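Participant: The opening position of the sequence shown corresponds to residue 1 in full-length UniProt numbering, with each subsequent residue numbered one higher.
All C-beta atoms in this analysis are idealised placements derived from N, C-alpha and C, irrespective of residue type, glycine included.
Please read these numbers as outputs of a predicted model, since none were measured by experiment.
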Amino acid sequence: MDPCRQRDKMPNLSSGPIPRVTRAGRHRGYGVQELDGQKRLAGPGLPSREPVSVMVSGGPWPGRLSKMCLGYVGEQGEAQIYESHRRGPAALRELLCHGDKGPCGGGKAGAPAPRKAPQNEL
């Protein structure tokens with residue numbers, strides 16, 4: 001087998017990166033930051049959009065992030081997440097966000113769907 005292709009294969013993750021990063025302790029330092037009226041995830045490795053702002057971290061956030069990551073692994077599978085990551089940010093966003101109506105769609109999470117206008121009966 002071509003050594004370059006071998007290198008591109010997904011590593012054995014049974015005790016590797018995904019189980020390690022989903023432990024709640026790994027999410028310390030992450031939290032929610034409000035920027036331009038929108039709440040965004042903030043923490044190490046994420047782009048900083050404003051030099052000075054208030055960030056809420058700790059408390060329930062490490063556990064929430066861990067639960068969310070484990071949910072993605074359970075729903076999509078490690079191999080599919082890894083392959084999307086290798087293809088680039090757009091592919092990973094498409095996989096995890098499920099388009100505009102998914103968790104990245106900009107609407108409030110857990111908010112009820114907008115009420116449909118009643119149809120006039122004839």
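Contact defined as beta carbons within less than 8 Å: I believe Leu65 pairs with Gln80. What is the distance between those atoms, to the nearest angstrom?
Facilitator: Reading the sequence shown from its first residue, position 65 is the one you call residue 65. Reading the sequence shown from its first residue, position 80 is the one you call residue 80. Going by Cβ atoms, the distance from Leu65 to Gln80 rounds to 20 Å, so no, they are not a contact pair.
Participant: Along the chain, where does the beta strand (DSSP E) that runs through Leu46 open and close?
Facilitator: Translated into the one-based positions of the sequence shown, residue 46 becomes position 46. Leu46 -> no beta strand (DSSP E), and no H or E assigned at all.
Participant: Taking Gly31 as part of the beta strand (DSSP E), name the residues at either end of that continuous run.
Facilitator: In the sequence shown, residue 31 corresponds to position 31, counting from 1. Run containing Gly31: 31-35, per the beta strand (DSSP E) assignment.
Participant: What span of residues does the alpha helix (DSSP H) with Cys104 cover, start to end?
Facilitator: Walking along the sequence shown from the start, residue 104 turns up at place 104. Element bounds for Cys104: n/a, residue is neither H nor E.
Participant: How would you write the range of the alpha helix (DSSP H) that Pro60 sits in, first residue to last?
Facilitator: To locate residue 60, count along the sequence shown from 1; it is residue 60. Unbroken run through Pro60: none, as it is neither H nor E.
Participant: For Gly31, which of Gly37, Gln38, Gly43 has the nearest alpha-carbon?
Facilitator: On the sequence shown, position 31 is the one that residue 31 refers to. Residue Gly43 is the option with its Cα nearest to Gly31.
Participant: Run the CB neighbour count on Pro62, radius 10 Å, all protein chains shown included, and call it buried at 16 or more, exposed below.
Facilitator: The residue you call residue 62 lines up with position 62 of the sequence shown. Its Cβ being crowded by 16 or more others within 10 Å, Pro62 is buried.
Participant: Assuming contact is defined by CB atoms lying nearer than 8 Å, are Cys97 and Pro89 in contact in what I supplied?
Facilitator: Locating residue 97 in the sequence shown gives position 97, where the first residue counts as 1. Locating residue 89 in the sequence shown gives position 89, where the first residue counts as 1. Contact: no.
Participant: Taking the alpha helix (DSSP H) that His98 belongs to, which residues open and close that run?
Facilitator: For the purposes of this step, residue 98 is identified with residue 98 of the sequence shown, where counting begins at 1. Element bounds for His98: n/a, residue is neither H nor E.
Participant: On the criterion of 16 or more Cβ atoms from any shown chain inside 10 Å, does Glu78 qualify as buried, or is it exposed?
Facilitator: Counting from 1 along the sequence shown, the entry for residue 78 is found at position 78. By the 10 Å Cβ count, Glu78 comes out buried.
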